[in-house]
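Structure, as structure tokens:
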Amino acid sequence: MSAHEIPTVALPSGETVPQLGQGTWRMGENARKREAEIAALRLGLDLGLTLIDTAEMYADGVAEGIVAQAIQGRRDECFIVSKVLPGNSTRAGAVAACERSLKRLKTDRIDLYLLHWRGTPKLEETLSAFEALIAAGAIRYWGVSNFDVDDMEALLALPGGTQCAANQVLYNLRRRGIEAGLLPWSRARGIPIMAYSPIEQGRLLHERMLTGVAIRHRATPAQIAVAWVLRQRDIMVVPKSGTLEHVRENRAALDIELTEQDLGELNRAFPPPKGPRPLELL
Ligand SMILES: NC(=O)c1ccc[n+]([C@@H]2O[C@H](COP(=O)([O-])OP(=O)(O)OC[C@H]3O[C@@H](n4cnc5c(N)ncnc54)[C@H](OP(=O)(O)O)[C@@H]3O)[C@@H](O)[C@H]2O)c1
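Take the sequence shown: its letter number 32 is residue 1141 in the numbering used here, and every next letter is one higher.
Dropping the structure here:
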């Protein structure tokens, strides 16, 4: 697979986005790392990882500024995801939050704007803001994050709720709960899942079983963790890395084909859920 042949996932509109993208949580928290983080995101773009996930919450907006620098001169190549905090998700609050994000991102549009998690403002209000932002061209699609099946049902019951373009949730080898509920529910309704924390924020790196599978593939445990999510080609995945070598590794995870033996061993070490479980968050 060449750098430009990244598998894609279709949004409900039919537009496709790269299956593998780049996260940005914790970027911008340490000024000394800023240049390295920008370089890592740029390398990712060179490798075809043009889906970039950020949020107004990350480093209080500084992460969006890092994204702005990384995509400078390359905006049209990118599919930018950002998120509004629940506390800002009233009708007027979400519109104002989006304007601030656009300024920090130095762009005129966010491709996919998510409600970061469900808060106290009514979903109707947030939806109304999202619709106004789409009409104004400030965002192209809207979606949600950390929504479990009951939240999704409440959303889809609202006028316009079926326009939801994606749900970004925690999903990795240690957090497989969605397989028994939210994942099949979303597939049945054509709402794509975007998996966050595929390496469990680094905590999967030292799992013995992952190391065993990694050795067989001459890969790293991180690559096996990412490849395990990527093998389901309808799920978008956004690992975060501020390290050039890790970005290269994560891109190469797309080329790893896990065998039946690998999957059997991983299932034994990280069993699938036996029944529905509440959605976990980080
Ligand atoms: N919607 C939400 O509520 C939510 C919640 C959490 C995360 N997210 C999004 O999902 C993204 C990813 O999740 P995450 O950042 O929580 O965790 P993650 O991607 O599972 O893990 C990131 C950690 O793994 C390390 N890492 C990445 N690639 C590696 C590799 N190949 N080898 C070794 N270590 C590697 C990173 O360090 P280096 O930087 O040094 O590579 C970083 O410490 C976030 O950045 C954010 O955009 C969304």
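Virtual Cβ for every residue (Gly too), placed ideally from N, Cα, C.
Open item on the list: Helix, strand or coil for ILE1243? Go by DSSP, reduced to three states.
Closed with: Counting from 1 along the sequence shown, the entry for residue 1243 is found at position 134. If DSSP states are grouped into helix, strand and coil, ILE1243 belongs with the helices.
Open item on the list: For ARG1317 and ALA1328, what's the separation of their Cα atoms in angstroms?
Closed with: For the purposes of this step, residue 1317 is identified with residue 208 of the sequence shown, where counting begins at 1. For the purposes of this step, residue 1328 is identified with residue 219 of the sequence shown, where counting begins at 1. The alpha-carbon atoms of ARG1317 and ALA1328 are separated by roughly 14 Å.
Open item on the list: I'd like the list of long-range same chain contacts for GLY1321, defined as Cβ closer than 6 Å, with 5 residues on each side in sequence excluded.
Closed with: Indexing the sequence shown from 1 puts residue 1321 at position 212. No residues qualify anywhere along the chain.
Open item on the list: So for ALA1205, helix, strand or coil by DSSP?
Closed with: Within the sequence shown, numbered from 1, the residue matching residue 1205 stands at position 96. The answer is helix: DSSP assigns ALA1205 an H, G or I state.
Open item on the list: Just checking PRO1230 against ligand 3 - is the residue's beta carbon closer than 7 Å to any of the ligand's heavy atoms?
Closed with: As presented, the structure is devoid of ligand 3, carrying ligand 1 as its sole ligands.
TODO: Kindly provide the ranges of any alpha helix (DSSP H) runs that are 4 or more residues long and lie completely inside the stretch 1289-1373, ordered along the chain.
DONE: List check, alpha helix (DSSP H) in window: 1291-1298, 1317-1325, 1330-1339, 1353-1361.
- [ ] Determine the contact status of GLY1202 and LEU1221, defining contact as a CB-CB distance below 8 Å.
- [x] Taking the sequence shown and counting its residues from 1, one reaches residue 1202 at position 93. Taking the sequence shown and counting its residues from 1, one reaches residue 1221 at position 112. No, the Cβ-Cβ distance between GLY1202 and LEU1221 is not below 8 Å.
Open item on the list: Starting from ASP1260, trace the beta strand (DSSP E) in both directions and tell me its first and last residue.
Closed with: As a position in the sequence shown, residue 1260 is number 151, starting the count at 1. Unbroken run through ASP1260 is the alpha helix (DSSP H), 1258-1265; no beta strand (DSSP E).
TODO: Determine the DSSP secondary structure at PRO1127, reduced to helix, strand or coil.
DONE: The residue given as residue 1127 occupies position 18 in the sequence shown. Correct three-state label for PRO1127: strand.
Open item on the list: At the level of alpha carbons, what is the spacing between LYS1212 and LEU1367?
Closed with: Residue numbering aside, residue 1212 sits at position 103 when the sequence shown is read from its first letter. Residue numbering aside, residue 1367 sits at position 258 when the sequence shown is read from its first letter. If I take the Cα positions, the gap works out to 42 Å.
Task: Cβ distance (whole Å) where MET1345 is taken to contact PRO1301 below 8 Å - done: Counted from its first residue, the sequence shown places residue 1345 at position 236. Counted from its first residue, the sequence shown places residue 1301 at position 192. Indeed they touch by this definition, with Cβ atoms about 6 Å apart.
Task: TRP1134 beta carbon near ligand 1 (any heavy atom closer than 7 Å) - done: Numbered from its first residue, the sequence shown carries residue 1134 at position 25. True, at least one ligand heavy atom lies under 7 Å from that Cβ.
Task: Assumed close pair GLN1178, LYS1349 - CB separation to whole angstroms, cut-off 8 Å - done: By one-based count along the sequence shown, residue 1178 stands at place 69. By one-based count along the sequence shown, residue 1349 stands at place 240. Not confirmed; about 16 Å, so no contact.
Open item on the list: Using a Cβ-Cβ cutoff of less than 6 Å, which residues in the same chain neighbour GLU1234 once the five nearest sequence positions on both sides are dropped?
Closed with: Here residue 1234 is taken as the residue at index 125 of the sequence shown, counted from 1. THR1199, ARG1200.
Open item on the list: By alpha-carbon positions, which one of ALA1266, ASP1257, PRO1195, ARG1285 ends up nearest to PRO1230?
Closed with: As a position in the sequence shown, residue 1230 is number 121, starting the count at 1. The residue with the shortest Cα to Cα distance from PRO1230 is PRO1195.
Task: N-terminal and C-terminal residue of the alpha helix (DSSP H) that ASP1393 is part of - done: Because the chain here runs from 1110 to 1391, residue 1393 falls outside it and cannot be looked at.
Task: Contact between the stretch 1370-1384 and the stretch 1164-1178 (3+ Cβ pairs under 8 Å) - done: No contact exists between the stretch 1370-1384 and the stretch 1164-1178.
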